[in-house]
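Going line by line, the protein sequences match chains A and B.
In this text, residue positions in the first sequence follow the working numbering: the first is 43, and each later residue adds one.
In this text, residue positions in the second sequence follow the working numbering: the first is 383, and each later residue adds one.
Think of the CB as a built atom: it goes at the ideal place given N, C-alpha and C, for glycine as much as any other residue.
Remember, it's a predicted structure, so these values are computed and weren't measured experimentally.
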Amino acid sequence: MAVIEHHDTAAGSGEVYLSEASPRDFFELLKPRVMSLVVFTAFAGLVVAPGTINPFIGAIAILCIAVGAGASGALNMWYDADIDAVMTRTATRPIPSGRIRPQEALAFGLTLSAFSVCILGLAVNWLSAGLLAFTIFFYAVIYTMWLKRSTPQNIVIGGAAGAFPPMIGWACVTGGVSIESVVLFLITFLWTPAHFWALALFKMRDYEAVGVPMLPNVAGEWTTKVQILVYAILTAVIAVVPTVLGFASIGYGLFAAALGLGFVWYSVGVLRMPEGDRAMVPAKKLFAFSIVYLFAVFSGLMVDHLIASFGWV
Amino acid sequence: METINLTESQKKSRRGRNIALGIVLLGLVVLFYIVTLVKFSGGMAG
Numbered sequence: 043m044a045v046i047e048h049h050d051t052a053a054g055s056g057e058v059y060l061s062e063a064s065p066r067d068f069f070e071l072l073k074p075r076v077m078s079l080v081v082f083t084a085f086a087g088l089v090v091a092p093g094t095i096n097p098f099i100g101a102i103a104i105l106c107i108a109v110g111a112g113a114s115g116a117l118n119m120w121y122d123a124d125i126d127a128v129m130t131r132t133a134t135r136p137i138p139s140g141r142i143r144p145q146e147a148l149a150f151g152l153t154l155s156a157f158s159v160c161i162l163g164l165a166v167n168w169l170s171a172g173l174l175a176f177t178i179f180f181y182a183v184i185y186t187m188w189l190k191r192s193t194p195q196n197i198v199i200g201g202a203a204g205a206f207p208p209m210i211g212w213a214c215v216t217g218g219v220s221i222e223s224v225v226l227f228l229i230t231f232l233w234t235p236a237h238f239w240a241l242a243l244f245k246m247r248d249y250e251a252v253g254v255p256m257l258p259n260v261a262g263e264w265t266t267k268v269q270i271l272v273y274a275i276l277t278a279v280i281a282v283v284p285t286v287l288g289f290a291s292i293g294y295g296l297f298a299a300a301l302g303l304g305f306v307w308y309s310v311g312v313l314r315m316p317e318g319d320r321a322m323v324p325a326k327k328l329f330a331f332s333i334v335y336l337f338a339v340f341s342g343l344m345v346d347h348l349i350a351s352f353g354w355v
Numbered sequence: 383m384e385t386i387n388l389t390e391s392q393k394k395s396r397r398g399r400n401i402a403l404g405i406v407l408l409g410l411v412v413l414f415y416i417v418t419l420v421k422f423s424g425g426m427a428g
C-alpha cells in the first residue's frame with residue numbers, strides 16, 4: 043500500500059504514477075561506459091602527479107570524480123530525452139524507454155553533482171572540487187544545452203568536459219594546476235574530435251534525423267575526414283610532449299609515438315574511404331582503435347611513472 | 383488520506399531502490415568515518 047500525494051497524479055487525468063525504476067536503471071543514467079574512461083584518466087592523473095596522497099583519500103577522490111561524471115551524464119540524459127527517443131543508439135535509455143521520468147533523472151543528477159563536489163572538497167581539496175563542479179557545468183550546460191544543438195564544432199569545445207578528469211586527479215595530489223596537467227588535459231581534448239567524428243560518420247543519419255548539427259551532416263563527409271586526420275596528428279604529437287617536457291621517459295615517448303602513428307594510420311584509412319560508403323568499416327575501426335589508443339597512452343604514462351618511482355630502470 | 387495498493391512489480395522495484403539507498407547511506411557513513419580518521423591522524427602526525 044502507498045500513500046498518494048498530489049504530484050503523483052497526472053494533471054486532470056486522475057492517473058497515479060508509481061515508479062517501477064530499478065537501481066540498475068538509475069545506474070544506467072550515469073553512462074557507465076563513459077564513466078569508466080573518466081575514472082581511468084582521473085586515476086592516471088592521480089598516479090602521474092608528483093607527490094603522494096593517502097590511498098583512502100585517493101580512492102574517495104576517484105569515487106567523487108566518477109560520481110560527478112555520472113551526474114553530468116544523468117543531466118545530459120534528462121535534457122536530451124527528446125532526441126534520444128529518436129536515435130536508435132539511445133532509444134533504449136531509461137528516460138525515452140519510460141523507465142525513469144525526466145524529473146527523477148534531473149533530481150538524481152543534481153543531487154549526485156552536489157554530493158560529489160562537496161565530498162571532494164571536504165575530503166581532498168577545494169581546487170579539485172571546483173574543477174569537478176566546472177566540469178559538470180561545462181558538460182551539462184555549455185555542451186548539452188548550448189553547443190550540441192547549435193554548432194558542428196560542439197564536440198571540439200564540449201570535449202573539454204571529458205578532458206578535465208586527469209587534471210582533477212592531478213589537482214587532488216598537488217593542490218594546483220601546472221603545465222604537465224594541462225598536457226594531460228590536451229591529450230584527451232585533442233583526441234575527442236577524431237574519436238567522436240568517427241562515430242558521427244557512421245551514425246550521421248541518426249544525427250540528421252534529430253537535427254543535431256554534427257560535422258558530417260553540416261560540412262560533409264570529406265571535411266569531416268580531413269578534420270579527423272588533423273586532430274589525430276595533433277593528438278599523436280601532444281601525446282609525446284610528456285617526454286619532451288621531462289615528466290615521462292624516452293621509452294614512453296617511443297611507445298606514444300608508435301600508438302600515434304597507428305591513430306594517424308587509421309585516420310588515413312577513413313580519409314581514403316569512398317564518399318557515401320554505407321558500411322563505413324574504416325570509421326568503425328578508427329572508433330574502436332581510438333578507445334584502445336587513449337587507454338594505452340594513459341596506461342603507458344602510469345607504468346612509466348611507476349617504473350621511475352621504484353627505480354626499476 | 384488516499385491510498386492505493388501496489389502491484390508486485392511496483393513493490394519489487396521499490397524494495398530494490400530502498401536497498402540501494404540503504405547501501406549508499408551506509409557507504410557514506412563509512413566514507414566519512416575513514417575521512418575523519420585519515421584527517422585526524424594526519425593532523426596529529428603534523
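Exercise. Does any C-beta atom of chain A lie closer than 8 Å to the C-beta of L413/B?
Worked result: Taking Cβ atoms only, chain A reaches closer than 8 Å to L413/B, which makes this a yes.
For this session: Using the Cα positions of R141/A and A147/A, report the straight-line distance between them to the nearest angstrom.
Result: Just so you know, the alpha carbons of R141/A and A147/A end up roughly 11 Å apart.
Exercise. Does any C-beta atom of chain A lie closer than 8 Å to the C-beta of G404/B?
Worked result: Not an interface residue.
For this session: Just tell me which of K190/A, K326/A, L226/A has its CA closest to the CA of F244/A.
Result: F244/A has its Cα closest to that of K326/A, out of K190/A, K326/A, L226/A.
For this session: With distances taken Cα to Cα, identify the nearest neighbour of A108/A among V225/A, P97/A, T83/A, V283/A.
Result: Out of V225/A, P97/A, T83/A, V283/A, T83/A has the C-alpha closest to the C-alpha of A108/A.
Exercise. Going by the beta-carbon positions, is the gap between L117/A and G151/A smaller than 8 Å?
Worked result: If you check the CB distance, L117/A and G151/A come in under 8 Å.
Problem set entry | Residue of V89/A, D126/A, P74/A, L88/A minimising C-alpha distance to S114/A | Answer by Cα proximity: P74/A.
Exercise. Taking only runs of the alpha helix (DSSP H) that begin and end inside the segment 96–154 of chain A, which ones reach a length of at least 4 residues, in chain order?
Worked result: List check, alpha helix (DSSP H) in window: 97–121, 123–126.
Exercise. How about the segment 87–94 of chain A and the segment 169–180 of chain A: do they share at least three Cβ pairs that are nearer than 8 Å?
Worked result: Look at the beta carbons and you see the segment 87–94 of chain A not touching the segment 169–180 of chain A: under three pairs across the two are nearer than 8 Å.
Exercise. Roughly how far, in whole angstroms, is the beta-carbon of L19/A from the beta-carbon of W239/A, given that I think they are within contact range, below 8 Å?
Worked result: There is no way to answer for residue 19/A, as the model of chain A reaches only from 43 to 355.
For this session: Report buried or exposed for E263/A, applying the criterion of at least 16 other Cβ atoms within 10 angstroms of its Cβ.
Result: Buried: at least 16 other Cβ atoms inside 10 Å.
For this session: Can you tell me the Cβ-Cβ gap for V411/B and A165/A, rounded? I've got them flagged as a contact below 8 Å.
Result: For V411/B against A165/A, the beta-carbon gap comes to about 14 Å, at or over 8 Å, which does not count as contact.
Problem set entry | Start and end residues, alpha helix (DSSP H) containing A171/A | Note, A171/A: alpha helix (DSSP H), 168–179.
For this session: Could you say which of T130/A, F179/A, I161/A lies nearest to Y249/A if we only look at CA atoms?
Result: Answer by Cα proximity: T130/A.
For this session: Would you identify the three-state DSSP class for T230/A, choosing helix, strand or coil?
Result: It is helical.
Exercise. If we ignore side chains and look at the alpha-carbon of each, how far apart do V286/A and A236/A end up?
Worked result: Approximately 24 Å, taken between the alpha carbons.
For this session: Take K197/A as the anchor and find which of M119/A, I270/A, P138/A has the nearest alpha-carbon.
Result: Correcting the residue identity first, residue 197/A is Ile in this sequence and not Lys. When each option's Cα is compared against that of I197/A, the closest is I270/A.
Exercise. Going along chain B, which residues have a C-beta under 8 Å from F167/A?
Worked result: Rather than Phe, the amino acid found at residue 167/A in this sequence is Asn. Listed by position along chain B, the residues whose Cβ is nearer than 8 Å to that of N167/A form an empty set, because the closest Cβ is around 12 Å away.
Exercise. Should F98/A be flagged as near chain B, meaning a C-beta pair shorter than 8 Å?
Worked result: Closer than 8 Å: yes.
Problem set entry | Where the alpha helix (DSSP H) through K326/A begins and ends | Where K326/A is concerned, the enclosing alpha helix (DSSP H) starts and stops at 323–352.
Problem set entry | Under 8 Å (Cβ pairs) to chain B, residues found in the segment 189–200 of chain A | Cβ contacts with chain B: none found.
Exercise. Within 10 angstroms of its Cβ, does D124/A collect 16 or more other Cβ (buried), or is it exposed?
Worked result: Using a 10 angstroms sphere on the CB of D124/A, the tally of other CB atoms stays under 16, which defines it as exposed.
Exercise. Taking just the CA atoms, how far does I333/A sit from A350/A?
Worked result: Looking at the two C-alpha atoms, the distance is approximately 26 Å.
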